[in-house]
Amino acid sequence: MPNPTAHDRIRELKQLFENDKCTGKLYCYTLPAAGVYPHQWLWDSCFNAVILSHWDDSRAKQELSSVVAKQIQSGPDKGMLPHMNYWDNKADNLWTYTDRSNITQPPLVAVAAKLVYENSKEKDISWLSEIYQKIALYHDWFDRRRDRDRDGLVSIIHPWESGWDASPRWDEALGIDHPTLEELKKARVRLAFKLQEQEYDLMSIENENGFAVEPIDFNAIRAADLEALSQIANILGRANEAEGWRLKAHKTQLAVEHEISVYHSTDLIGKQSKASLEPNLAFALALFGGCVNKELANSLVAVLQNKIFWTNHPLSTTPIDDEHFLATAYWRGNVWINLNWLIWKGLQRYGFDILADELSKATVKLVVEHGLWEYYNPITGKGLGAPGQSWSGLFIDMIR
Ligand code: GLC
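Each residue of the sequence shown is one higher than the last, beginning at 26 in my numbering.
Quick look at the structure:
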């Protein structure tokens with residue numbers, strides 16, 4: 026059989042998206058991976074909307090409208106967007122709801138909504154306005170519930186919120202040393218139950234010395250989302266609100282920059298404040314959020330190009346010389362196409378065009394040669410985890 030081409034992969038991708046879950050007009054979402062992930066996940070749907078916008082504007086809008094449909098409507102967490110929507114009501118007893126979770130995921134809805142709007146042929150301003158109101162409430166919720174010290178950096182209260190479920194950077198905060206994947210899974214479920222008791226309240230969690238971390242990447246993504254929200258407000262003619270969101274984005278950007286400069290040295294660059302001391306790729310997300318000055322950006326990019334991150338098949342989430350690095354184990358050192366896409370955007374933002382090109386070419390090649398998978402081995406390129414992971418379709422956005 027001849028080697029697959031990008032065209033073959035795109036065809037495969039479209040078939041995969043036809044596999045999506047749509048029931049009447051009520052909701053519509055893309056399975057992250059059929060068979061493995063049967064529900065709707067927040068950041069997956071943001072990435073999937075960007076992919077869908079390549080061939081179906083209205084389906085891309087539906088993806089985002091569905092992901093915000095289960096926004097929390099009352100109680101202290103009013104405004105939160107759940108990291109999972111269970112459209113079949115089968116959340117078991119993990120959460121206080123049967124149809125949604127009580128925690129969130131990296132906030133990218135405004136970024137995705139802006140891209141979908143910009144890419145669409147017909148500019149649907151009423152859709153944009155409706156989703157804007159919801160995203161605005163979501164960011165208000167972050168300020169109210171997740172930034173107790175008002176330093177502009179929000180806390181996450183579960184590794185699931187980071188999207189990097191089993192990363193070594195959470196081991197210490199979870200209180201486990203050199204865990205197996207099974208032990209980590211059990212620890213995450215235990216923590217979900219503990220959060221029910223603590224009512225997802227940051228003060229209670231901090232008082233009990235629980236899992237509360239202010240990750241660089243999560244906050245950098247939030248800065249980008251606040252910026253996108255500000256731009257959407259401008260499109261909608263809400264200049265005052267746009268200025269408010271812009272100022273908030275700026276505060277977050279400065280706070281992330283401060284974190285990075287405090288921990289800045291070549292071997293410490295990946296450290297997380299108030300989290301584990303494990304180096305990891307999270308620092309590179311600062312570029313996506315526009316969080317660093319040019320000089321600091323140059324240093325980050327120098328670290329990024331080091332072969333401990335820029336592997337045969339870039340980029341490894343855990344440096345390959347780290348004692349925890351495992352090329353084939355879920356989040357312990359693999360390539361994730363969604364992260365490559367975010368970092369690619371960040372490199373472009375700072376004008377590192379040649380490197381951005383190199384990253385996009387390597388990413389496209391990886392997916393074309395090995396197919397759509399949840400994650401990849403950074404040394405061999407072999408696809409791992411769930412086959413047919415939708416978000417790996419982001420490679421089509423990177424074809425130039
Ligand atoms: C895994 C990933 C998470 C993702 C979900 C669905 O749990 O760690 O980031 O959202 O799968 O793809």
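Where is the CB? At the ideal position from N, CA and C, for every residue including glycine.
Are the CB atoms of R247 and G315 within a distance shorter than 8 Å?
No. Outside cutoff.
Assign K39 to one of three DSSP states: helix, strand, or coil.
Three-state result, K39: helix.
Threshold first: 4 residues or longer. Then list the alpha helix (DSSP H) segments lying entirely within the region 362-389, N to C.
Taking only runs of at least 4 residues, the alpha helix (DSSP H) segments lying wholly in the region 362-389 are 362-374.
Does P346 pass the burial test, meaning 16 or more other C-beta atoms within 10 Å, or should it be called exposed?
This sequence places Asp at residue 346; Pro is not what is there. Classification for D346: exposed.
How big is the Cα-Cα spacing for W120 and T129?
Those two C-alpha atoms are separated by around 12 Å.
My guess is that T277 and N244 are in contact by the Cβ rule of under 8 Å, so how many angstroms apart are they, rounded?
Right, the Cβ-Cβ distance comes to about 6 Å (below 8 Å), so this counts as a contact.
By Cβ distance below 7 Å, which residues in the same chain neighbour I333 in space, the five residues on each side in sequence not counted?
If we look at I333 and ignore the five residues flanking it on each side, its Cβ neighbours are P344, I345 and D346.
Using the beta-carbon count (16 or more within 10 Å), is A264 buried or exposed?
A264 should be labelled exposed.
Sorted by chain position, which residues of the same chain lie with C-beta nearer than 7 Å to R171's C-beta, five sequence neighbours on each side aside?
Excluding sequence neighbours, R171 sits near V179, S180 and L227.
Excluding the 5 residues flanking D149 on each side, which residues of the same chain have their C-beta closer than 7 Å to its C-beta?
Excluding residues within five positions, the ones whose Cβ falls inside 7 Å are K86.
Would you identify the three-state DSSP class for G408, choosing helix, strand or coil?
G408: strand per DSSP, three-state reduction.
Exposed or buried, what is T388 when buried is set at 16 or more other beta-carbons lying within 10 Å of its beta-carbon?
The residue in question, T388, is buried, as its Cβ has 16 or more Cβ neighbours within 10 Å.
Provide the residue(s) that pair with R425 in DSSP beta bridges, ordered along the chain.
Bridge partners of R425: none, in fact.
To the nearest angstrom, how far is the alpha carbon of V281 from that of P193?
Each residue's Cα considered, the two are about 21 Å apart.
Between which two residues does the alpha helix (DSSP H) harbouring E320 extend?
Looking at the DSSP string, the run of the alpha helix (DSSP H) that includes E320 is K319 to Q330.
Going along the chain, which residues of its own chain have a beta-carbon closer than 8 Å to the beta-carbon of K146, five neighbours each way excluded?
For K146, where only same-chain residues beyond five positions count, the Cβ hits under 8 Å are D82.
Whose C-beta lies closer than 7 Å to the C-beta of A274 among residues of the same chain, with five residues either side of it excluded?
Result list for A274: A248, L251, E252 and S255, in chain order.
How would you label V214, buried or exposed, when you count the other beta carbons within 10 angstroms and need 16 or more for buried?
Exposed, by the Cβ-count rule.
What is the rounded straight-line gap between the Cα of A18 and the Cα of Q96?
Because the chain here runs from 26 to 425, residue 18 falls outside it and cannot be looked at.
Is it the case that the Cβ atoms of A137 and V75 are separated by a distance below 8 Å?
Cβ distance < 8 Å, so A137 and V75 count as in contact.
Is there at least one non-hydrogen atom of the ligand GLC closer than 7 Å to the beta-carbon of P132?
No, Cβ of P132 sits at least 7 Å from all heavy atoms of the ligand GLC.
Within this structure, are the beta carbons of K386 and H395 separated by less than 8 Å?
No, the pair does not count as a contact, with Cβ atoms beyond the cut-off.
Distance check for R34 and F72, CA to CA, integer angstroms please.
Distance between the alpha carbons of F72 and R34: 17 Å.
Would H203 be called buried (16 or more neighbouring beta carbons within 10 Å of its own) or exposed?
H203 should be labelled exposed.
When a residue counts only if its C-beta is closer than 5 Å to some heavy atom of the ligand GLC, which residues count, in chain order?
The answer, residue by residue, is P57, Y62, W66, D69, G188 and D190.
Smallest Cα separation from W185: which of H108, K211 and E239?
Ranking H108, K211 and E239 by Cα distance to W185 puts H108 first.
Roughly how many angstroms separate the alpha carbons of A58 and E320, rounded to a whole number?
Each residue's Cα considered, the two are about 40 Å apart.
List the residues that DSSP assigns as beta-bridge partners of W112.
Partner(s): none; W112 has no beta bridge.
Leaving out five residues on either side along the sequence, give the residues of the same chain with a beta carbon under 8 Å from the beta carbon of F313.
Same-chain partners within the cutoff: A245, I246, A249, L367, I368, K370, G371 and R374.
Using only alpha-carbon positions, find the residue among L340, G376 and E143 that is nearest to P403.
It is L340 whose Cα lies nearest to the Cα of P403.
Which term fits D196, buried or exposed, when burial requires 16 or more other beta carbons within 10 angstroms of its beta carbon?
Result: buried.
Under DSSP, the beta strand (DSSP E) around Y401 begins and ends at which residues?
Counting along the chain, the beta strand (DSSP E) containing Y401 begins and ends at W398 to Y401.
Give me the residue from L419, W398 and R425 with the minimum Cα distance to L61.
It should be noted that the sequence gives Val, not Leu, for residue 61. If we check each option's Cα against that of V61, W398 comes out closest.
Please determine, among A354, V238, H283 and L41, the residue with the shortest C-alpha to C-alpha distance to R173.
Ranking A354, V238, H283 and L41 by Cα distance to R173 puts V238 first.
Using only the alpha-carbon positions, how far apart do N234 and E37 sit?
If you take the alpha carbons of N234 and E37, they lie about 47 Å apart.
Please confirm whether A135 and P240 have their CB atoms less than 8 Å apart.
Cβ distance not < 8 Å, so A135 and P240 don't count as in contact.
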